[in-house]
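> Protein chains in written order, with my numbering: chain A, 263 to 375; chain B, 304 to 415.
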């Protein structure tokens with residue numbers, strides 16, 4: 263069955279520190295993978311996506327993610343976190359050829375000054 | 304380009320009532336999907352429409368229904384509301400076929 267696991271429910275980092283949010287997926291074929299961010303009371307904003315090709319993808323706001331097929335992972339990284347990055351982050355796998363997304367449970371990021 | 308818009312943004316209903324939520328996709332997008340977000344269940348897929356046809360449906364009871372119009376605007380309806388239907392309902396649009404989806408701000412439904 264298709265699924266996405268985000269093992270970390272809540273992460274706290276200091277401003278300026280590096281960040282890695284974990285995501286593992288289960289999917290029978292080559293996955294379409296996404297990271298979305300949600301600020302309180304808002305919808306979801308796409309940070310980056312992986313469809314094929316280069317396994318290291320760059321996104322907005324200085325985020326990047328690496329697709330590792332052998333580990334079924336698509337971890338999100340940022341070298342230096344800003345206070346404005348505090349939000350909830352969702353990893354998702356796309357069920358092609360439809361537009362259905364299966365989301366992980368999310369990781370809430372808290373940033374301390 | 305205008306983003307995905309959802310109306311209304313907030314709704315308060317009582318148990319047993321029905322509700323209709325509306326979603327206007329980004330111009331040119333033919334695919335609209337709906338998701339329910341709750342603290343307990345997270346983000347769950349409701350259904351997807353492409354060119355007025357329901358292409359995919361999640362595991363929700365028949366009280367949840369939707370439709371898409373020829374201009375790609377979509378509505379979802381929930382009949383006989385239950386307390387557990389209180390949630391943020393998110394709509395997303397895309398050009399279709401697994402491309403990236405753009406989400407609206409959501410409709411916050413509270414059932415009393």
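Backbone N, C-alpha and C define an ideal beta-carbon position, used for all residues, glycine too.
All figures in this text were calculated on a predicted structure; none of them were measured in a lab.
#1: Which of helix, strand or coil does DSSP assign to residue 320/B?
#2: Along chain B, in chain order, which residues have C-beta atoms closer than 7 Å to that of residue 368/A?
#3: Determine the chain C residues that contact residue 374/A at a beta-carbon separation under 9 Å, and present them in chain order.
#4: Between the region 348-364 of chain A and chain B, which residues of the former have CB atoms less than 9 Å from a CB of the latter, in chain order?
#5: Please list, in chain order, the chain A residues whose beta carbon lies closer than 9 Å to that of residue 366/B.
#6: Which residues in chain B sit within 7 Å of residue 304/A, going by Cβ to Cβ distance?
#7: My output table needs one value for residue 283/A: the three-state DSSP class, helix, strand or coil.
#8: Can you tell me whether residue 321/A is helix, strand or coil according to DSSP?
#9: Give me the DSSP bridge partner(s) of residue 369/A.
#10: Tell me whether residue 332/A sits in a helix, a strand or coil according to DSSP, three-state version.
#11: If you run the structure through DSSP and keep just helix, strand and coil, what is residue 330/B?
#12: Quick one: does residue 361/B have its CB under 9 Å from some CB of chain A?
#13: Nearest CA to the CA of residue 332/A: which residue from 268/A, 319/A, 370/A, 287/A?
#14: For residue 332/B versus residue 373/B, is the C-beta spacing smaller than 9 Å?
#15: Closer than 7 Å, Cβ to any Cβ of chain B: which residues of the region 311-339 of chain A, in chain order?
#16: Under 8 Å between beta-carbons, which chain A residues line up against residue 371/B? List them in chain order, please.
#17: Just how far apart, CA to CA, sit residue 308/B and residue 371/B?
#18: Where does residue 346/A sit, in a helix, a strand or coil, going by DSSP?
#19: Excluding the 5 residues flanking residue 356/A on each side, which residues of the same chain have their C-beta closer than 6 Å to its C-beta?
#20: What residues in its chain sit with their C-beta under 8 Å from that of residue 312/B, if we drop five residues either side in the sequence?
#21: Mind reading off the beta-carbon distance from residue 368/B to residue 335/B? Whole number of angstroms is fine, and I expect it under 8 Å.
#22: Looking at chain A, is there any beta carbon in it that lies within less than 9 Å of the beta carbon of residue 355/B?
#23: Under 7 Å Cβ-Cβ, which residues of chain A neighbour residue 399/B?
Taking the structure as given:
#1: Within the second chain, numbered from 1, the residue matching residue 320/B stands at position 17. If DSSP states are grouped into helix, strand and coil, residue 320/B belongs with coil.
#2: Residue 368/A sits at position 106 when you count from the first residue of the first chain. Those within 7 Å of residue 368/A in chain B are 345.
#3: Absence of chain C from the displayed structure is noted, the protein chains being A and B.
#4: Residues 352, 354, 356, 357, 358, 359, 360, 361, 362, 363, 364.
#5: By 1-based counting over the second chain, the position of residue 366/B is 63. None at all; the shortest Cβ gap to chain A is about 20 Å.
#6: Translated into positions along the first chain, residue 304/A becomes position 42. Under the 7 Å cutoff, chain B gives 408.
#7: Your numbering for residue 283/A matches position 21 in the first chain. Assignment of residue 283/A by DSSP, reduced to helix, strand and coil, places it in the strand class.
#8: Here the question's residue 321/A lines up with position 59 in the first chain. In the displayed model, residue 321/A falls within coil according to three-state DSSP, outside both helix and strand.
#9: On the first chain, position 107 is the one that residue 369/A refers to. Paired residues: 351/A.
#10: The sequence position of residue 332/A within the first chain is 70, counting from 1. Assigned with DSSP and collapsed to three states, residue 332/A falls in helix.
#11: Numbered from its first residue, the second chain carries residue 330/B at position 27. When DSSP states are grouped into helix, strand and coil, residue 330/B belongs to the coil group.
#12: Taking the second chain and counting its residues from 1, one reaches residue 361/B at position 58. Yes, residue 361/B lies at the interface with chain A (some Cβ there is under 9 Å from its Cβ).
#13: In the first chain, the residue the question calls residue 332/A occupies position 70. Cα-wise, what sits closest to residue 332/A is 287/A.
#14: Taking the first residue of the second chain as position 1, residue 332/B is located at position 29. Taking the first residue of the second chain as position 1, residue 373/B is located at position 70. No, they are not a contact pair.
#15: Flagged, chain order: 311.
#16: Residue mapping note: residue 371/B aligns to position 68 of the second chain, counting from 1. Under the 8 Å cutoff, chain A gives no residues; its nearest Cβ is about 12 Å from residue 371/B.
#17: Numbered from its first residue, the second chain carries residue 308/B at position 5. Numbered from its first residue, the second chain carries residue 371/B at position 68. If I take the Cα positions, the gap works out to 15 Å.
#18: Position 84 of the first chain, counting from 1, holds the residue named residue 346/A. Residue 346/A: helix per DSSP, three-state reduction.
#19: On the first chain, residue 356/A is found 94 positions in, with the first residue counted as 1. Closer than 6 Å at Cβ, skipping near neighbours: 294, 363.
#20: For the purposes of this step, residue 312/B is taken as the residue at position 9 of the second chain. Hits under 8 Å: 408, 409, 410, 411.
#21: Your numbering for residue 368/B matches position 65 in the second chain. Your numbering for residue 335/B matches position 32 in the second chain. At roughly 14 Å, the Cβ-Cβ gap does not stay under 8 Å, so residue 368/B and residue 335/B are not in contact.
#22: On the second chain, residue 355/B is found 52 positions in, with the first residue counted as 1. It does not: the Cβ of residue 355/B has no partner Cβ on chain A nearer than 9 Å.
#23: Stepping through the second chain from its first residue, residue 399/B is reached at position 96. In chain order: 361.
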